[in-house]
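According to the working numbering, the sequence shown is numbered sequentially starting from 59. The structure under discussion appears below in the form of structure tokens.
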Amino acid sequence: MLHGEYKVPDGKLVAADVEVADGRLSQVRISGDFFLEPDEALDEINRSMRGAAVNADVDALTTLVRDGMDPQARMVGFGPESVAVAVRRAVTGSTGWRDHEWRVIRERPRSPLMHMALDQVLAEEVAAGRRSPTLRFWEWADPSVIIGSFQSVRNEVDMPTAEHYGIEVVRRITGGGAMFVEPGNTVTYSLYAPKSLVAGMSFADSYAFLDDWVLEVLRELGLNVWYQPLNDITSDGGKIGGAAQKRVAGSVLHHVTMSYDVDVEKLGQVLRVGGVKLSDKGVGSVVKRVDPLRRQTGLERQTVIDRLESGFRSRYGLVADSVGEDEQRRAEELIATKFATSEWFQRVP
Numbered sequence: 059m060l061h062g063e064y065k066v067p068d069g070k071l072v073a074a075d076v077e078v079a080d081g082r083l084s085q086v087r088i089s090g091d092f093f094l095e096p097d098e099a100l101d102e103i104n105r106s107m108r109g110a111a112v113n114a115d116v117d118a119l120t121t122l123v124r125d126g127m128d129p130q131a132r133m134v135g136f137g138p139e140s141v142a143v144a145v146r147r148a149v150t151g152s153t154g155w156r157d158h159e160w161r162v163i164r165e166r167p168r169s170p171l172m173h174m175a176l177d178q179v180l181a182e183e184v185a186a187g188r189r190s191p192t193l194r195f196w197e198w199a200d201p202s203v204i205i206g207s208f209q210s211v212r213n214e215v216d217m218p219t220a221e222h223y224g225i226e227v228v229r230r231i232t233g234g235g236a237m238f239v240e241p242g243n244t245v246t247y248s249l250y251a252p253k254s255l256v257a258g259m260s261f262a263d264s265y266a267f268l269d270d271w272v273l274e275v276l277r278e279l280g281l282n283v284w285y286q287p288l289n290d291i292t293s294d295g296g297k298i299g300g301a302a303q304k305r306v307a308g309s310v311l312h313h314v315t316m317s318y319d320v321d322v323e324k325l326g327q328v329l330r331v332g333g334v335k336l337s338d339k340g341v342g343s344v345v346k347r348v349d350p351l352r353r354q355t356g357l358e359r360q361t362v363i364d365r366l367e368s369g370f371r372s373r374y375g376l377v378a379d380s381v382g383e384d385e386q387r388r389a390e391e392l393i394a395t396k397f398a399t400s401e402w403f404q405r406v407p
């Protein structure tokens with residue numbers, strides 16, 4: 059019997075117990091704390107996937123569930139896709155948050171380039187099994203603009219203005235948009251997790267899944283927040299932050315930057331935000347797109363970070379840790395050979 063679980067973001071837990079024979083799903087049993095009417099619909103869900111190929115993807119399984127149910131049935135807190143994800147997690151050998159001993163790193167401020175390098179190094183260490191899954195909170199030593207792996211330097215940043223303000227521009231290994239940070243003005247963290255934690259999920263599903271705990275903690279702080287696909291954390295006051303992600307060998311790197319007290323005037327001068335992107339977000343200026351945590355919570359920045367850490371610990375457990383000497387040395391090597399080179403920075407001029 060194979061077991062998989064999927065906590066629907068802003069929804070309920072769906073569990074799947076699956077038996078496999080001759081490359082097919084021979085038995086499927088779905089359970090969870092969701093709501094379903096009528097009761098007979100659960101049997102329909104279970105029957106719908108029997109005989110499906112063990113390697114059937116989420117889309118195929120979702121179609122089977124939807125077609126196999128009475129269209130009048132009501133699913134509350136979950137849906138056909140979340141059932142399919144739970145089944146896929148069962149057959150792909152997924153793990154849950156509490157299946158791992160999580161470490162937390164909170165330490166001195168680091169340079170933008172060192173943060174870029176550490177993200178790669180720690181993700182690789184988790185993939186190799188030399189490091190336990192880790193939550194790392196960043197502290198910035200210098201102001202910076204961090205552009206996504208596939209962004210154009212000249213399209214995203216006004217370089218003369220950045221140089222005027224002494225803002226270092228660096229490129230990270232994840233995709234997504236540019237981030238503007240200054241010491242003490244953002245809350246940034248990275249998760250380094252084994253791929254098994256998001257096994258069976260699409261890229262989009264994994265974003266929402268890995269952000270769910272953050273939304274819960276922010277709500278405990280009194281914020282009305284939600285996940286805005288693909289990678290934004292948004293409130294009724296505006297966008298708070300965004301996530302970026304990359305699969306590194308056998309691990310997943312997921313990091314989030316949330317604005318605490320952004321200098322909106324400087325941000326607007328340094329970043330080039332085109333009309334197409336603003337139109338897509340439904341707003342008129344870059345200033346309106348970011349709503350800092352300081353105004354919304356009234357809390358000191360370190361208090362916000364403390365609450366995030368304690369919120370993660372209460373849910374999944376945390377053990378204090380630090381960057382090891384070998385990891386530090388490897389990060390320094392990567393700065394010299396990759397992140398500080400013009401070849402990397404200008405990969406998309």
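Think of the CB as a built atom: it goes at the ideal place given N, C-alpha and C, for glycine as much as any other residue.
Beta strand (DSSP E) containing residue i: first to last residue?
i, result
"D290", "290–293"
"D200", "Premise fails: D200 is in no beta strand (DSSP E) and is neither H nor E."
"L83", "82–90"
"D75", "71–79"
"T315", "309–317"
"E63", "60–65"
"G300", "296–306"
"R168", "Unbroken run through R168: none, as it is neither H nor E."
"Q286", "283–286"
"R132", "132–134"
For the putative contact between residue i and residue j, defined by C-beta atoms under 8 Å, what is the C-beta separation to the nearest angstrom?
i, j, result
"V203", "I225", "6 Å"
"A257", "R373", "The Cβ separation is near 20 Å, so there is no contact."
"V76", "Q85", "7 Å"
"E367", "V162", "6 Å"
"A99", "I88", "No, A99 and I88 are not in contact; Cβ-Cβ is about 10 Å, not under 8 Å."
"V423", "Y265", "In the structure displayed, the chain extends from 59 to 407; residue 423 sits before or after that span and is not available."
"S248", "H158", "15 Å between Cβ atoms; not a contact."
"S293", "V116", "Not really, about 29 Å apart at Cβ, beyond 8 Å."
"I298", "L273", "With 8 Å as the limit, I298 and L273 do not qualify as a contact, their Cβ atoms being about 10 Å apart."
"I408", "M172", "Residue 408 cannot be examined here, being either before or after the span of the chain that is shown, 59 to 407."
"G296", "V348", "6 Å"
"V275", "R365", "6 Å"
Going by the beta-carbon positions, is the gap between residue i and residue j smaller than 9 Å?
i, j, result
"D263", "Y285", "no"
"V211", "V406", "yes"
"G62", "R82", "no"
"G206", "A302", "yes"
"V149", "V112", "yes"
"E14", "P167", "This structure gives no information on residue 14, because the portion of the chain shown stretches from 59 to 407."
"T361", "L281", "no"
"V328", "A199", "no"
"L357", "L279", "yes"
"D91", "G135", "yes"
"N243", "P67", "no"
"K396", "S309", "no"
"A230", "F195", "This sequence places Arg at residue 230; Ala is not what is there. Against a cut-off of 9 Å, the Cβ pair of F195 and R230 comes out as no contact."
"G234", "G300", "yes"
"L119", "V145", "yes"
"G126", "I103", "yes"
"D384", "S190", "no"
"L255", "G137", "no"
"P96", "A131", "yes"
"G375", "W160", "yes"
"Y223", "K324", "yes"
"V123", "Y64", "no"
"F93", "M133", "yes"
"A307", "A175", "no"
"R359", "D216", "no"
Relative to the ligand FMN, is the shortest distance from any of its heavy atoms to the C-beta of residue i smaller than 8 Å?
i, result
"K297", "Of the ligands one can find in the structure shown there are none, so the ligand FMN has no counterpart to examine."
What are the boundary residues of the alpha helix (DSSP H) that residue i is part of?
i, result
"L268", "261–278"
"S140", "138–149"
"E98", "98–106"
"A118", "116–126"
"E95", "Not the alpha helix (DSSP H): E95 falls in the beta strand (DSSP E), residues 93–95."
"G109", "Segment: none, G109 is in no alpha helix (DSSP H) and carries neither H nor E."
"L325", "322–328"
Does any CB atom of chain B fall closer than 9 Å to the CB of residue i?
i, result
"G295", "Note that chain B does not occur in the displayed structure, where there is just one protein chain."
Length-filtered (4 minimum) alpha helix (DSSP H) runs lying within the region 355–399: 359–374, 383–392
Meets three-Cβ-pair contact criterion under 8 Å: the region 174–186 and the region 386–395: yes
Residue ranges of each alpha helix (DSSP H) within the region 185–253, 4 or longer: Runs of alpha helix (DSSP H) with 4 or more residues, each lying fully within the region 185–253, are found at 211–214, 217–222, listed in chain order.
Stretch pair the region 229–245 + the region 317–327: three plus CB contacts closer than 8 Å: The region 229–245 is in contact with the region 317–327.
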